[in-house]
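Below is one structure, written out as structure tokens; comments come after it.
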Amino acid sequence: MGEPAASSSEVAPKHGVIACASYANGRRVSDIPLVDCSEKLAETSDFIWIGLYEPPEDILRLIQKEFNLHDLAVEDALSAHQRPKLEQYEGSLFVVLRTAHVEADGHLEFGETHVFVGDRFVVSVRHGSIKSHSPLRAKCEAQPEQLKKGPGFVLYALMDFIVDQYMPIVDELEERLEKLEEEVFGDERSKMTTSRIYSLKRDLVGLKRAVSPVADICNRLMRFDSGIVHEDTRPYFRDVYDHALRVNEHIDTLRELLGAALEANLSLISVSQNDDTKRLAAWAAIVAVPTLIAGVYGMNFEAMPELHWAYGYYVILVLMFFACGSLFIGFKRSGWL
Amino acid sequence: MGEPAASSSEVAPKHGVIACASYANGRRVSDIPLVDCSEKLAETSDFIWIGLYEPPEDILRLIQKEFNLHDLAVEDALSAHQRPKLEQYEGSLFVVLRTAHVEADGHLEFGETHVFVGDRFVVSVRHGSIKSHSPLRAKCEAQPEQLKKGPGFVLYALMDFIVDQYMPIVDELEERLEKLEEEVFGDERSKMTTSRIYSLKRDLVGLKRAVSPVADICNRLMRFDSGIVHEDTRPYFRDVYDHALRVNEHIDTLRELLGAALEANLSLISVSQNDDTKRLAAWAAIVAVPTLIAGVYGMNFEAMPELHWAYGYYVILVLMFFACGSLFIGFKRSGWL
Amino acid sequence: MGEPAASSSEVAPKHGVIACASYANGRRVSDIPLVDCSEKLAETSDFIWIGLYEPPEDILRLIQKEFNLHDLAVEDALSAHQRPKLEQYEGSLFVVLRTAHVEADGHLEFGETHVFVGDRFVVSVRHGSIKSHSPLRAKCEAQPEQLKKGPGFVLYALMDFIVDQYMPIVDELEERLEKLEEEVFGDERSKMTTSRIYSLKRDLVGLKRAVSPVADICNRLMRFDSGIVHEDTRPYFRDVYDHALRVNEHIDTLRELLGAALEANLSLISVSQNDDTKRLAAWAAIVAVPTLIAGVYGMNFEAMPELHWAYGYYVILVLMFFACGSLFIGFKRSGWL
Amino acid sequence: MGEPAASSSEVAPKHGVIACASYANGRRVSDIPLVDCSEKLAETSDFIWIGLYEPPEDILRLIQKEFNLHDLAVEDALSAHQRPKLEQYEGSLFVVLRTAHVEADGHLEFGETHVFVGDRFVVSVRHGSIKSHSPLRAKCEAQPEQLKKGPGFVLYALMDFIVDQYMPIVDELEERLEKLEEEVFGDERSKMTTSRIYSLKRDLVGLKRAVSPVADICNRLMRFDSGIVHEDTRPYFRDVYDHALRVNEHIDTLRELLGAALEANLSLISVSQNDDTKRLAAWAAIVAVPTLIAGVYGMNFEAMPELHWAYGYYVILVLMFFACGSLFIGFKRSGWL
Amino acid sequence: MGEPAASSSEVAPKHGVIACASYANGRRVSDIPLVDCSEKLAETSDFIWIGLYEPPEDILRLIQKEFNLHDLAVEDALSAHQRPKLEQYEGSLFVVLRTAHVEADGHLEFGETHVFVGDRFVVSVRHGSIKSHSPLRAKCEAQPEQLKKGPGFVLYALMDFIVDQYMPIVDELEERLEKLEEEVFGDERSKMTTSRIYSLKRDLVGLKRAVSPVADICNRLMRFDSGIVHEDTRPYFRDVYDHALRVNEHIDTLRELLGAALEANLSLISVSQNDDTKRLAAWAAIVAVPTLIAGVYGMNFEAMPELHWAYGYYVILVLMFFACGSLFIGFKRSGWL
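As you go down the protein sequences, you meet chains A, B, C, D and E in turn.
147 is the number that our numbering gives to position 147 of the first sequence; each next residue is one higher, with no gaps.
Count along the second sequence starting at 1, add 337, and that's the number in our numbering.
Count along the third sequence starting at 1, add 674, and that's the number in our numbering.
Count along the fourth sequence starting at 1, add 1011, and that's the number in our numbering.
Count along the fifth sequence starting at 1, add 1348, and that's the number in our numbering.
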């Protein structure tokens, strides 16, 4: 996680700064220390791209000064736990996105990526979002034609990068749903099934909350008339918009099916309860009948001819056996056993 | 599936190209190789209609070059798994539709048809959508008056073709619902009923997802001011719009009824559980009473006059029989048996 | 059903044409054969009102030619199974409405009425909608002042006629709901109750589907700027709009109450199941206790003084009786029996 | 109910006319007979306020003529059973409101108040709405400054009067919900609980239907540009709007809580069913064990030493007692009893 | 609760007035008596900030006179029980917010804060909202740069203060949900669980009702063109808006999860009922089998060889024991016990 310090040798190796470089004409010019940013912007026409990971407050304050960011945006970036949103300040945009990853135990964890975008700078701040942006930076640098379009393109690349991470997660959730379907409709239904349904629901609700504002953010970026987002870049945001919608729809489908699975689960619990009641009744009957017969021949009447038959006992035993046997067969046939 | 190669003899029989022909004045002029398309467009005023089936990337890239398509649209056409949508690029439209067909085991499978429409070309790309477009092409060619209206009319014909395929599918789903109703309200309710309800739900959700965006796509096509869709063609898109709405509404009705059927199923499971409990109780009572009587006469008191009666045993047997009989009749009357 | 052929003696008694007359200044001028319609329109300033009942295709095609109707509208009128809608074509409106009637077995059946309205003609086509329009025609002819307003007024009269038919149907559905409430909350709850709830739900969903688009159709007619609907007629469409809304709201209320009734039904099934379980338990106890006592005195110990008492048997019988009796009273008091 | 006839001595004491008076400068000038209204309006600049209670058709027709009301509005006023609405006719508004009151048996009954408002007249028509408007008239007459604003202010006063009646009703419904909560969560849950939940639901649905259109009506009155509603009066309609919203929200909250209470009820029924099953099982075990022991010592083996012990019988009785006792204590501890 | 009287020594210590001070250039100038407010406004360009706590009517009426407030707003402020809203009167805004706090027993209680904001005055009125505003006033006074922006900034500070109080409450509700999840999915499920779910639901509905209008209020304040809210202050309202949305979303998530938890609870109750039924059946079988065996050897047949075996009794006892033991093991294995 994080670019090797070597590649940003000029930057003071302060905690939290992963990379800070200036770009001209779509190519990386040089890595620069944070404190030189405003100077660089004034002297050249380069744009600057900074990557931070859970930075301490002083670094963010320094960046605020260098790029003249709005106080409220910086405070949001400090506190994390924001909802995905796009806010327009004079001269800059502030975008908050939520990232998601699957923990070892199969549950979802969420992180956040905040992005400040100006005419000539991009600052990304990751909070608890474990996937490094360095492959993304490498990929962008490999497309100088595109990178030339400036910070707007970097914003697109970042959003695309994050939205693309949702896809495999949704696929994983779909697999969990399919396993649950097997449990519910197979014979493996247990107490844990309900608990697993609930935990899938929880993850879907969380993911939905992360994804659903993204389409709206893209939509607004597509229509922006500010100079920050280059006109050529807009169809790209439509592409991200489209992906976000797709993920969103997929989540909605899963939620709806999960709801149906929960209901099916409840019905099938009732059905199996019913089956158990029937089985209980059948066995009760099978035991009760010979008990009754035994009771009859346990009566103390003086005049009970069967008692005096030589084979009375065996006849009765056979009778009991037949009674039980025919009950058993009858219940089997009617599906009670 | 697919037009016979004979009818496209001039086209190199590359994998994936089903047909590629130019049309003038509503009539097919000639089949042409893919590589000559741009030339053809430049030299004549014909329009070109290409049909592809799961084409390899190089063919799509060739077409992209010939017709100057946007990168993002071509990437979508390559990857499939798109949601139904309409995207407007400079000089062309990109339409994604989802097709559906019923598998042998009664479940729905979905495919996709992507369409690039320009001023003077239409390219359709099928992915997993099993129904060939050749009858459609034949039908269009039989209406030169209409085909004269250009690519917009072909787009209409394609959309109409796909939306018309939904109708019999919805009818089939309705039949499945009716069978389920019989199961639920008849006496055939079983564990499988719940599972069948769930699987119908799954198919309805999938179909809904395929159909519901179509109305919106048509709506936007009806209002388009671009030259691609001829003004005369717009009422036709309203017709498709109307069909899509009808299918949509039908699906909604089925979903609502299915939901009600699920709830009815749950109630009836409870009712039948109740009935089983009552039956169990009734039989328990019928066996318990003679058992009690037998127990009484199994007591070892010295002074029990009945024991010494000559016909005591028989009297008691008759008593037992009557007790059971009257209980049986009583339970029958009150509906417990 | 249908006007007597006598009143349309001039019309060739072709299958499907119920009436075809021209009107001037709000009064019926004469009945005319279908083929003379276009001529009539050209020569006079009368307007023509035609009533059809499930006409064969050739008649509709003739009418299409006479009035220059759009192909798509005529195809809709041929196929039936349309959703209620209003479509505007150049020079004419096409309105589809759904009619409803209660079958002998209490279920709803739906029909359709299609109306073509032009500047100077109205053509109504009934499909499976059993109520004849002749009383409506008579009523309109009795109000020449209104009929003078032309086809727009006839359209209003037709819509009013159809919407007014919904009211008694909704009332009937409300009665069915009330009977269901009695069943559910009275002691008549049975397996059939659930099935009746479902069938009422089905009818409500169908009726809703028929009624809900009507308000929107009226709304659009109220705002129309075409010459077809006279400005004076617009408040009348607001009246139909209002009635449609009222029916709609009534249906929504019934649906909501039906949903609550279904839930109440499910709770009460559980409650009564619970009651049955308790009753079963109570009777089991009442029988089990004397059985236990009998078992005790059936033991073969040598030294059991009670067995040798002169009235031991009677004492024990009385004891059993008292045990059962006090259990019975106890259970009665606690509401288990 | 109703003003004493004395106060309207000049009015012919026709059935249905409660009051008919003219007002100038915010003060009551004189009571006038209905037939003189149009004359009065022509001669003076007074405005007229008429109160009717379930008037026969001829009176309404007379008023229609006097004030030149639209036919459709008058027909609505005749038939009652309208939904709350605001309709704008040339020169007058027609407002329908629903009133509610609690019957002796605690259920809600609904009435209607229709209001015709013109530049210089207000006519209110009550149908089944039991609360007289005379205190309202008195209150208005006590505020000549306000009454001076004309019919618009009277309309406000009427609406405020009616909306204020909803508040105590909603409070009563809330109390019923609280009692239901006690029933459900206390130990008083019974068959009646479900039926009471349903009946509260019914009342809430009915009240919602009465209240929810009122906010929209006020909203439209606030924005009206007609001379009927004085500009100074508009904030007053916002006040009514606000009250209507509050009642509306309160109803929604109650509905949501009632839904949750219904679900809680269902769970608790299941829980208590479970408890009863456990109790049944526990008692069955407590009786079954000594029955088994008695059965063992009822066997007729020759060699059963216990049978010959002097105190065998007593030992076994004590054993039985201990078995039962320890089972009882065990079940008590585990919460089954 | 409440500022010490000392700090407002100049104010007559009337009941309900917590503070009344004038501010110039962002700094507190002096505390002034209520009656001097209008004079102060006329003479200086200071703005006045008044804090009231459940004031008696005469104080509010005095303030109304001093600041020329609208009658309807003052009446709302008197009666409390308002819904959160923003109302614009000529020259002033009236804002109602709901506050929330957790009672000792864990339930939510709600209070209200009403704010009158004018060009040069702010009056806040607390009803049952227990948290004093004095730390807020202190904080504002510590930021003279901001306070200079006038009453609009004070309004922001108040709203921020109130919305910030929601956060810990939502966190507490989330904790309650988590405890409930443990109860439901752990083995601690009881009758109280359902009741606790219901009470959490109640609190969530109440809180939602308090919070959800706040976003809309902020949204309108952000777009206001009146002089009351300084243009620089608008991004601050966007910040409050954002917080309100976040709280809102959090509540929605909790509600959805709570709904799922309720359903899971219902399923698990059924599952555990099922388990109890099985256990009951298993024990019934374990007792019934030896009872049957004892019954058989209690029969009085003359010819039953086992009865005469020397160790017959012991053999049978062992047989009984083995039967019970193998049943026990079998049930254990199949999970019934």
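Where is the CB? At the ideal position from N, CA and C, for every residue including glycine.
1) Check the C-beta distance from L1593 of chain E over to L1456 of chain E and give it rounded, since I have them as a contact under 8 Å.
2) Have a look at C:N948, C:V989, C:F975, C:Y727 and flag the residue whose alpha-carbon is nearest the alpha-carbon of I804 of chain C.
3) In the DSSP assignment, find the unbroken alpha helix (DSSP H) run with I733 of chain C in it and report its ends.
4) Please state whether the Cβ-Cβ distance between F1469 of chain E and A1425 of chain E is less than 9 Å.
5) Below 8 Å, can you find three or more Cβ-Cβ pairs linking the stretch 81–101 of chain A to the stretch 53–65 of chain A?
6) Could you tell me which of A:R137, A:A100, A:T291, A:A303 sits nearest to Y738 of chain B, measuring between CA atoms?
7) Under the three-state reduction of DSSP, which class applies to A1032 of chain D: helix, strand or coil?
8) Please look up how many angstroms separate the CB atoms of V1300 of chain D and V1635 of chain E, rounded, as I've assumed it's under 8 Å.
9) Count the other CB atoms, across all protein chains shown, that sit within 10 Å of the CB of G1399 of chain E; report buried if there are 16 or more and exposed otherwise.
10) Excluding the five sequence neighbours on either side, which residues of its own chain have a C-beta within less than 7 Å of the C-beta of N922 of chain C, listed in chain order?
11) Do the stretch 1276–1284 of chain D and the stretch 1261–1268 of chain D meet, that is, are 3 or more Cβ pairs less than 8 Å apart?
12) I'd like to know if D1587 of chain E contacts chain A, where contact means its C-beta is closer than 9 Å to some C-beta of that chain.
13) Along chain E, in chain order, which residues have C-beta atoms closer than 7 Å to that of R1257 of chain D?
14) Can you give the beta carbon distance from K709 of chain C to D720 of chain C, rounded, assuming they're within the 8 Å contact cut?
15) Since N1036 of chain D meets chain E, which of its residues come closer than 7 Å, beta carbon to beta carbon?
16) Measuring CB to CB, does S808 of chain C end up less than 9 Å from L832 of chain C?
17) In chain F, which residues lie with their C-beta within 8 Å of the C-beta of Q1284 of chain D?
18) Quick check: the Cα distance between E1530 of chain E and M1540 of chain E, rounded to an integer number of angstroms?
19) Checking contacts by CB at 9 Å: is A1671 of chain E closer than that to chain A?
20) Whose Cβ in chain E lies nearer than 7 Å to the Cβ of T1302 of chain D?
21) At 3 residues or longer, and completely inside the stretch 402–449 of chain B: list those beta strand (DSSP E) runs for me, N to C.
22) Along chain E, which residues have their Cβ under 7 Å away from the Cβ of L1269 of chain D?
23) Under 9 Å between C-beta atoms, does E1260 of chain D make it to chain E?
24) Measuring straight from C-alpha to C-alpha, what distance separates Y840 of chain C and Y830 of chain C?
25) Could you check where the alpha helix (DSSP H) with W957 of chain C kicks off and where it finishes?
26) In chain order, what residues of the same chain lie with their CB nearer than 7 Å to the CB of A349 of chain B, ignoring the 5 residues before and after it?
27) Report the option in D:S1201, D:A1272, D:T1124 whose CA atom is closest to the CA atom of S1185 of chain D.
28) Please go through the stretch 161–224 of chain A and give each complete alpha helix (DSSP H) segment of 4 or more residues, from N-terminal end onward.
29) Counting C-beta neighbours from all protein chains within 10 Å, is the total for F321 of chain A 16 or more, i.e. buried, or is it exposed?
30) With DSSP run on the structure shown, which of helix, strand or coil describes L1400 of chain E?
31) Measure from the alpha carbon of K823 of chain C to the alpha carbon of each residue in C:G792, C:F835, C:H801, then state which is nearest.
32) Which partner residues of S30 of chain A appear in the DSSP bridge assignment?
33) Could you confirm whether any beta carbon from chain B is found closer than 9 Å to the beta carbon of Y840 of chain C?
34) DSSP state of F975 of chain C, grouped into three classes?
35) Give me the DSSP bridge partner(s) of G1129 of chain D.
36) For K813 of chain C, I'd like the list of residues in its chain whose CB is within less than 8 Å of its CB, leaving aside the five on either flank, ordered along the chain.
The structure says:
1) Working through the fifth sequence from its first residue, we reach residue 1593 of chain E at position 245. Working through the fifth sequence from its first residue, we reach residue 1456 of chain E at position 108. Contact flag wrong, Cβ pair sits at about 20 Å.
2) Taking the first residue of the third sequence as 1, we reach residue 804 of chain C at position 130. I804 of chain C has its Cα closest to that of C:Y727, out of C:N948, C:V989, C:F975, C:Y727.
3) Position 59 of the third sequence holds residue 733 of chain C. Residues 731–741.
4) Taking the first residue of the fifth sequence as position 1, residue 1469 of chain E is located at position 121. Taking the first residue of the fifth sequence as position 1, residue 1425 of chain E is located at position 77. No, the pair does not count as a contact, with Cβ atoms beyond the cut-off.
5) With a cut-off of 8 Å, the stretch 53–65 of chain A and the stretch 81–101 of chain A do not count as touching, because too few Cβ pairs lie within range.
6) Any property of residue 738 of chain B remains undetermined from this structure, which presents chain B solely from 338 to 674.
7) Within the fourth sequence, the letter at position 21 stands for residue 1032 of chain D. Three-state DSSP puts A1032 of chain D in a strand.
8) Taking the first residue of the fourth sequence as 1, we reach residue 1300 of chain D at position 289. Taking the first residue of the fifth sequence as 1, we reach residue 1635 of chain E at position 287. Their Cβ separation, rounded to whole angstroms, is 7 Å, which keeps V1300 of chain D and V1635 of chain E in contact under 8 Å.
9) Counting from one through the fifth sequence, the residue named residue 1399 of chain E turns up at place 51. By the neighbour-count rule (16 or more Cβ atoms within 10 Å), G1399 of chain E is buried.
10) Counting from 1 along the third sequence, the entry for residue 922 of chain C is found at position 248. Cβ within range, chain order: V885, S886, A889.
11) no
12) Locating residue 1587 of chain E in the fifth sequence gives position 239, where the first residue counts as 1. For D1587 of chain E, the answer is yes, since a Cβ of chain A falls inside 9 Å of its Cβ.
13) Working through the fourth sequence from its first residue, we reach residue 1257 of chain D at position 246. By Cβ distance, chain E contributes R1431.
14) As a working mapping, residue 709 of chain C is identified with position 35 in the third sequence. As a working mapping, residue 720 of chain C is identified with position 46 in the third sequence. The sequence as given places Val at residue 709 of chain C; Lys does not occur at that position. In fact, because the Cβ distance is near 16 Å, the residues do not count as touching under 8 Å.
15) Taking the fourth sequence and counting its residues from 1, the one referred to as residue 1036 of chain D is at position 25. The contacting residues do not exist; N1036 of chain D stays about 21 Å from chain E at best.
16) The residue you call residue 808 of chain C lines up with position 134 of the third sequence. The residue you call residue 832 of chain C lines up with position 158 of the third sequence. No; because the gap between Cβ atoms is not below 9 Å, this pair is not in contact.
17) The structure shown has no chain F; the protein chains it does contain are A, B, C, D and E.
18) Within the fifth sequence, numbered from 1, the residue matching residue 1530 of chain E stands at position 182. Within the fifth sequence, numbered from 1, the residue matching residue 1540 of chain E stands at position 192. Near 13 Å, if we compare the C-alpha coordinates of M1540 of chain E and E1530 of chain E.
19) Reading the fifth sequence from its first residue, position 323 is the one you call residue 1671 of chain E. It does not; no Cβ of chain A falls within 9 Å.
20) Residue 1302 of chain D sits at position 291 when you count from the first residue of the fourth sequence. Result: T1639.
21) Counting only runs of 3 or more, we get 422–426, 429–439.
22) Working through the fourth sequence from its first residue, we reach residue 1269 of chain D at position 258. Per Cβ cutoff of 7 Å: no residues; L1269 of chain D is ~11 Å from chain E at best.
23) Walking along the fourth sequence from the start, residue 1260 of chain D turns up at place 249. Yes, its Cβ sits closer than 9 Å to a Cβ of chain E.
24) For the purposes of this step, residue 840 of chain C is taken as residue 166 along the third sequence, with counting starting at 1. For the purposes of this step, residue 830 of chain C is taken as residue 156 along the third sequence, with counting starting at 1. Rounded to whole angstroms, Y840 of chain C to Y830 of chain C spans 16 Å at the Cα level.
25) Along the third sequence, read from residue 1 onward, the residue named residue 957 of chain C stands at position 283. Element bounds for W957 of chain C: 908–970.
26) Start at 1 with the first residue of the second sequence, and residue 349 of chain B comes out as number 12. Here A349 of chain B scores only 36 on pLDDT, less than 50, and its place in the model is too uncertain to base an answer on.
27) Position 174 of the fourth sequence, counted from the first residue, corresponds to residue 1185 of chain D. A quick correction: the sequence has Glu, not Ser, at residue 1185 of chain D. That would be D:A1272, whose Cα lies nearest to the Cα of E1185 of chain D.
28) 191–222
29) Position 321 of the first sequence, counted from the start, is the residue given in the question as residue 321 of chain A. Result: exposed.
30) Indexing the fifth sequence from 1 puts residue 1400 of chain E at position 52. L1400 of chain E falls in the strand class under three-state DSSP.
31) On the third sequence, residue 823 of chain C is found 149 positions in, with the first residue counted as 1. For K823 of chain C, the nearest C-alpha among the options comes from C:G792.
32) Counting from 1 along the first sequence, the entry for residue 30 of chain A is found at position 30. Here S30 of chain A is bridged, per DSSP, to A:S22.
33) Working through the third sequence from its first residue, we reach residue 840 of chain C at position 166. Any Cβ of chain B closer than 9 Å to the Cβ of Y840 of chain C would place that residue at the interface, and such an atom is absent.
34) Position 301 of the third sequence holds residue 975 of chain C. In this structure, F975 of chain C counts as coil in the three-state DSSP scheme.
35) Within the fourth sequence, numbered from 1, the residue matching residue 1129 of chain D stands at position 118. According to DSSP, which records beta bridges pairwise, G1129 of chain D is partnered with D:S1103.
36) Looking up residue 813 of chain C in the third sequence gives position 139. Here the set comprises A831.
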